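**Student:** I'd like to ask some things about the structure below.
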Amino acid sequence: MELRTIGTSGLRVSVVGLGCNNFGRRNDQDDTRLVVGKALDAGITFFDTADAYGGDLGRSEEFLGRALGTRRRDIVLATKVGLPLSPESRLHGGSRQYVITAVEASLKRLGTDWIDLYQLHRPDPLTPIEETLRVFDDLIRQGKVRYVGCSNLPAWQVVEAQWISRQLGLERFISIQDEYSLLVRDPERELLPMAAAHGVGLLPYFPLAGGLLTGKYYRDRPLPDGARLNVRGTHYGDRFINDRNWAVVTDLQAFCEARGKSLLELAFSWLAANPGISSIIAGATSPEQVEANVSAVNWTLTPDDLKEIDRLTGQGKA
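So this is what it looks like as structure tokens:
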């Protein structure tokens, strides 16, 4: 498994990471152990979760911590803070008051003394970013956190945070998570150029667009029961299934078939071809999915391939 640094930090992670949002929700503890075990055996070193994943009370963190056991020291463990832990909770955000409490709870659930990458899950309009950066800096100095990052912040807010960190001598964000895939290329406008200029690593999530880029689904066939695009409450179907995306997927499938490759391979290898991407965060509900994701990153795309992909996804120059 290829290892990459996150931005200009010294933190190295596997190019394919494991997104742990299914743990405690679609995966029970036994299933979680199987998925985590396969990920470790496959060379995945980056595990990304959040205190809000897995339903109430941070079950994803709990399940992941138990599944890792003594292997925790072998991996880069990332979690996030900021979202409410239940629909009824009024406690969330990036305030000092909340973060200090939340990090202790995450450490306990994960069964660890430190978090390798602690991330602000989304912008908090009620808390100045300086306050969040100061408490993150304190956590690093206390040894509870090694690095800090963010998720879902627009490029201008990341730049503001980097400037404040530099001016005040605080630890800076080394990473940002955002949605990025062959079907959602919005980060190319501002986020990717910003990340390159400021030494921030991009950690893309939803690399398979909720499953639409797995190559398992076709426009003229009904989605099977249990498919992520069919799961109630996730809104993946509403988000990804539309005429434009089906047309792009059909063209990309033809592109892959002509080269003897799969759409899954294209989805991962296209992201991995971008040096600004540190690790592709891919969820999995079974060991077989983990194995497929890891194997899918080995296609070396040519410059001509990349130009054709741009054209097929509507990104080519007129």
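When we follow this note's numbering, the leftmost residue of the sequence shown carries the number 5, and every step to the right adds one. In this text, a Cβ means the ideal position worked out from N, Cα and C, and glycines have one as well. Given the structure is predicted, the values throughout are model-derived calculations rather than measurements.
(1) Using the C-alpha atoms, what's the distance from Thr12 back to Val188?
(2) Go to Gly41, then tell me how far its alpha helix (DSSP H) extends in each direction, as first and last residue.
(3) According to the Cβ coordinates, are Lys148 and Gln123 closer than 8 Å?
(4) Between the alpha carbons of Gln171 and Gly153, how many angstroms are there, rounded?
(5) With Asp52 and Ile285 assumed to form a contact (beta carbons below 8 Å), what rounded beta-carbon distance in angstroms separates them?
(6) Can you find a heavy atom of the ligand GTP that lies under 7 Å from the Cβ of Leu207?
(7) List the residues that DSSP assigns as beta-bridge partners of Cys154.
(8) Kindly indicate which three-state DSSP category Lys148 falls into: helix, strand or coil?
(9) What does the Cβ neighbour count give for Asp45, buried or exposed, with the cut at 16 atoms within 10 Å?
(10) Ends of the alpha helix (DSSP H) at Leu316?
(11) What residue from Gly318, Ser110, Leu121 and Leu87 has the CA that sits closest to Thr49's CA?
(12) Have a look at Ile144 and Leu15 and give me their C-alpha separation to the nearest angstrom.
(13) Give the DSSP-derived three-state secondary structure of Lys84 in the structure shown.
(14) In angstroms with no decimal places, state the Cα-to-Cα distance between Thr254 and Arg63.
(15) Just how far apart, CA to CA, sit Leu95 and Lys112?
(16) With the cut-off set at 8 Å, would you say Val17 and Arg8 are in Cβ contact?
(17) Classify Ile168 as helix, strand or coil using the three-state DSSP reduction.
(18) In terms of residues, what are the limits of the alpha helix (DSSP H) holding Ile104?
(19) Determine the DSSP secondary structure at Asp117, reduced to helix, strand or coil.
(20) Pull up the DSSP beta-bridge partners for Gly285, would you.
(21) Using the beta-carbon count (16 or more within 10 Å), is Trp274 buried or exposed?
(22) Using CA atoms only, rank isn't needed, just tell me which of Ala300, Ser282 and Thr289 is closest to Glu1.
(23) Applying the criterion that 16 or more other CB atoms from any shown protein chain within 10 Å of the CB defines a buried residue, is Ile104 buried or exposed?
(24) As a quick exercise: from Glu183, Ile245, Leu81 and Ile313, pick the residue whose alpha carbon is nearest that of Leu157.
(25) Out of curiosity, what's the CA-to-CA distance linking Ala276 and Trp303?
(26) The alpha helix (DSSP H) that contains Leu130, what's its start and end?
(27) Could you tell me the distance, in whole angstroms, from the CA atom of Tyr221 to the CA atom of Thr289?
(28) With Asp60 as the anchor, note down where its beta strand (DSSP E) starts and where it stops.
(29) Which word fits Ala71, buried or exposed, when buried means at least 16 other C-beta atoms lie within 10 angstroms of its C-beta?
(30) For Gly237, count the other beta carbons within 10 Å of its own beta carbon; 16 or more makes it buried, fewer makes it exposed. Which is it?
(31) Confirm, please, whether the CB-CB distance from Gly86 to Asp141 is below 8 Å.
(32) Residue range of the alpha helix (DSSP H) that Asp255 falls in?
(33) May I have the straight-line CA-CA distance separating Gln181 from Asp117, to the nearest angstrom?
**Tutor:** Looking at the coordinates:
(1) 25 Å
(2) Gln33 to Asp45
(3) Against a cut-off of 8 Å, the Cβ pair of Gln123 and Lys148 comes out as no contact.
(4) 18 Å
(5) 5 Å
(6) Judged by which ligands are present, the structure shown has none, so any question about the ligand GTP falls away.
(7) Leu124 and Ile180
(8) DSSP places Lys148 in the coil class of the three-state scheme, outside both helix and strand.
(9) exposed
(10) Pro307 to Leu316
(11) Minimum Cα distance to Thr49 is reached at Leu121.
(12) Taking the straight line joining both Cα atoms gives about 14 Å.
(13) strand
(14) 37 Å
(15) Their Cα atoms are separated by approximately 18 Å.
(16) In this structure, Val17 places its C-beta atom within 8 Å of the C-beta atom of Arg8.
(17) helix
(18) Arg100 to Leu114
(19) coil
(20) Gly is not the amino acid found at residue 285; the sequence shown has Ile there. Partner(s): Gly21.
(21) Label assigned to Trp274: buried.
(22) Because residue 1 is not part of the residues shown, which for the chain are 5 to 322, the question remains open.
(23) Result: exposed.
(24) Glu183
(25) 9 Å
(26) Per DSSP, Leu130 belongs to no alpha helix (DSSP H) and is neither H nor E.
(27) 18 Å
(28) In this chain, Asp60 is not harboured by any beta strand (DSSP E), its DSSP state being neither H nor E.
(29) Buried, by the Cβ-count rule.
(30) In this predicted model, Gly237 has a pLDDT of only 48, less than 50, meaning its place in the structure is not dependable; the value taken from the coordinates is given anyway. Classification for Gly237: exposed.
(31) no
(32) Asp247 to Ala262
(33) Rounded to the nearest angstrom, the two C-alpha atoms are 24 Å apart.
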